[in-house]
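Following: one structure in C-alpha cells, then a few remarks.
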Amino acid sequence: MKSFTKELWFNIKDRVAFIDITEQVEEALRESGVKEGLVLCNAMHITASVFINDNESGLHNDFIEWLDEVAPHDPVTRYRHNVGEDNADAHIKRQIFGREVVVAVTRGALHFGPWERIFYGEFDGKRKKRVLVKIIGE
Amino acid sequence: MKSFTKELWFNIKDRVAFIDITEQVEEALRESGVKEGLVLCNAMHITASVFINDNESGLHNDFIEWLDEVAPHDPVTRYRHNVGEDNADAHIKRQIFGREVVVAVTRGALHFGPWERIFYGEFDGKRKKRVLVKIIGE
Amino acid sequence: MKSFTKELWFNIKDRVAFIDITEQVEEALRESGVKEGLVLCNAMHITASVFINDNESGLHNDFIEWLDEVAPHDPVTRYRHNVGEDNADAHIKRQIFGREVVVAVTRGALHFGPWERIFYGEFDGKRKKRVLVKIIGE
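Protein chains in written order, with numbering that gives the first Met the number 0: chain A, 0 to 137; chain B, 0 to 137; chain C, 0 to 137.
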C-alpha cells in the first residue's frame with residue numbers, strides 16, 4: 000500500500016469564498032503515483048469546508064446567500080461563541096457543508112461524474128489556512 | 000491491497016425520491032472479495048446524495064418536507080443558478096444531505112449498527128444518474 | 000495492509016449532548032499500530048453524529064440551539080415519523096451534522112489542524128449507543 004500526504008495553503012482575501020481546488024488535488028494524485036485507491040481531502044480548520052459541487056458562479060452565490068439565511072453572520076451577538084470572536088456562523092456553515100470529501104481513484108484519475116469539482120469553502124477568511132490531501136492505494 | 004469499482008445506474012421517475020441501495024452495495028462487496036477494508040459509496044451527480052438513515056416511509060416524508068422548507072424548490076426564480084435551469088434547490092439539498100458515505104467492512108460484511116441502511120437521495124430526477132461504489136481492502 | 004476495528008459505547012444522560020472522543024480514537028490508533036492510512040469514525044445509530052469541530056462550550060450551545068431552531072423537537076406531532084416515537088428531529092439533526100468523519104493518519108498520529116477535535120453528537124440519548132472506529136493502513 001502506498002500513502003501520500005500534501006498540505007495546500009490558502010489565504011482568501013474575503014471572509015466567505017469558494018475556490019476550485021480540483022487541479023491541485025489532481026496534481027497531488029499524479030505525484031502520489033497511486034492508480035487505485037482513495038483520496039481524502041479535508042479542511043484542517045473548523046470554519047472551512049471541502050465539498051464537491053458545480054463550478055457555476057450563480058450557484059455559488061445561491062449557496063452563500065442560503066447559508067447566511069439559515070445561519071446569519073449578523074448580529075454576531077446572537078451566538079454565545081462570539082465573545083471576542085465573530086465567527087460562530089462560520090462554524091455552523093462548515094457543519095452544513097461538511098469538512099471533507101473522499102474520492103475514488105480509478106486507473107490513476109479521480110473517478111468523477113460529469114460535473115463534479117472539488118471546492119475549498121472559506122467561511123472565515125482573511126488569514127492563512129490549510130487543506131490536507133491524503134491518498135492511499137496502489 | 001484489493002480494489003473494486005462498480006457504477007450503479009438509476010432513473011427515478013419523480014423529481015425527489017429516496018431509494019434503498021443497501022443490497023446493491025452488499026452485492027458489490029461480495030463481488031469484490033474484500034473481507035477487511037472500506038467502502039466508498041457516492042453520488043456521481045451534484046443534485047443527488049448518498050446517505051445512511053432509517054428505512055421508514057414517514058421519516059422519508061419528513062426529510063423531503065423539511066428539506067423543501069429550508070431550501071424551497073419554488074419559486075425557482077429565487078435562485079441565480081436558475082437561468083435555463085430549475086434545480087438550484089436540488090444542489091442545496093444535496094449539500095445538506097451529503098455526497099457520500101464511507102462504510103467499514105469487517106469479516107466480509109458492511110459493519111452496520113441495527114438500523115443503518117444506505118440510500119440514494121434524488122433531488123432532480125426524471126433522468127439517468129449514477130452512484131459509484133469503490134471498495135478497497137484485503 | 001493492516002486493519003483494526005473497535006466499537007465505543009456511550010450512554011448519554013441527556014437527550015442532546017456532544018462528547019469529545021478524540022482521545023479514545025487516538026487510543027484505538029495506538030492499538031492498531033497503523034502509521035500511515037485512514038481512520039473512519041462513524042455513529043452506528045441513525046439519530047447520532049460523529050463530527051469534527053472546536054471544543055468550546057459556547058459554540059456547542061450555539062450548535063444545539065441552531066439545530067433546534069431549524070429542526071425543532073417540539074411539537075413532536077409535526078413529524079409523520081413520530082407515531083409511537085418522538086425522535087424525527089434527531090434523525091434530521093444527524094443528517095445535518097453527518098454520520099462520520101474520515102481522518103488521515105500520518106507518522107502514527109491523527110493528522111489534524113490546530114483546533115480539530117472529534118465529537119460524538121447525541122440527538123436522542125438516555126440509552127446505550129455505539130461509535131465504530133475502523134482503521135486501515137500500514
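C-beta atoms are modelled at their ideal positions from N, C-alpha and C, and glycine is treated no differently.
Span of the alpha helix (DSSP H) around residue i
i	result
W65 of chain A	56-69
K125 of chain B	Note, K125 of chain B: premise wrong, no alpha helix (DSSP H); not H, not E.
D88 of chain A	87-96
Whole-Å CB distance - residue i paired with residue j, under 8 Å assumed
i	j	result
T21 of chain A	I117 of chain A	5 Å
R104 of chain A	L28 of chain A	The sequence shown places Val at residue 104 of chain A, rather than the Arg named in the question. At roughly 6 Å, the Cβ-Cβ gap stays under 8 Å, so V104 of chain A and L28 of chain A are in contact.
V130 of chain C	M43 of chain C	6 Å
D13 of chain B	G124 of chain B	6 Å
Q94 of chain B	I95 of chain A	7 Å
A87 of chain B	L58 of chain A	6 Å
S2 of chain A	E35 of chain C	4 Å
I135 of chain C	L37 of chain B	6 Å
H80 of chain B	E115 of chain A	The Cβ separation is near 16 Å, so there is no contact.
H90 of chain C	D53 of chain B	7 Å
E84 of chain C	M0 of chain C	Between M0 of chain C and E84 of chain C the Cβ distance is about 41 Å, and since that is not below 8 Å, they are no contact.
L109 of chain A	E25 of chain A	6 Å
Candidates the options: closest to residue i by CA position
i	options	result
E64 of chain A	A:V38, A:D19, A:K92	A:K92
E121 of chain A	A:V15, A:W8, A:F9, A:M0	A:V15
G97 of chain A	A:G136, A:N41, A:K128, A:L37	A:N41
K127 of chain B	B:T4, B:W8, B:F3, B:S2	B:W8
N60 of chain C	A:D73, A:R77, A:D61, A:E55	A:R77
V49 of chain A	A:F17, A:D67, A:A108	A:F17
V33 of chain C	C:G107, C:F62, C:N10	C:G107
T4 of chain B	A:P113, A:V102, A:Y119	A:V102
F111 of chain C	A:I11, A:N10, A:L39	A:L39
Span of the beta strand (DSSP E) around residue i
i	result
I117 of chain C	116-121
F3 of chain A	1-10
I77 of chain C	The sequence as given places Arg at residue 77 of chain C; Ile does not occur at that position. That residue, R77 of chain C, is in no beta strand (DSSP E); it is neither H nor E in DSSP.
D19 of chain A	16-19
E84 of chain C	No beta strand (DSSP E) contains E84 of chain C, which DSSP labels as neither H nor E.
E99 of chain C	99-105
Q: Would you list, in sequence order, the uninterrupted alpha helix (DSSP H) runs of no fewer than 4 residues that lie entirely inside the stretch 21-52 of chain A?
A: 21-31
(Q) Any C-beta of chain C within less than 8 Å: which residues of the stretch 7-39 of chain B qualify? (A) E35, G36, L37
Q) What residues in the stretch 63-97 of chain C have a beta carbon less than 7 Å from any beta carbon of chain B? A) V69, A70, Y78, R79, H80, V82, A87, H90, I91, Q94, I95, G97
Q.
If the cut-off is 7 Å on Cβ atoms, which residues from the stretch 47-58 of chain C count as contacting chain A, listed in chain order?
A. F50, I51, N52, D53, E55, G57, L58
Q | Chain-ordered residues of the stretch 116-135 of chain A with a beta carbon less than 7 Å from chain C | A | R129, L131, K133, I135
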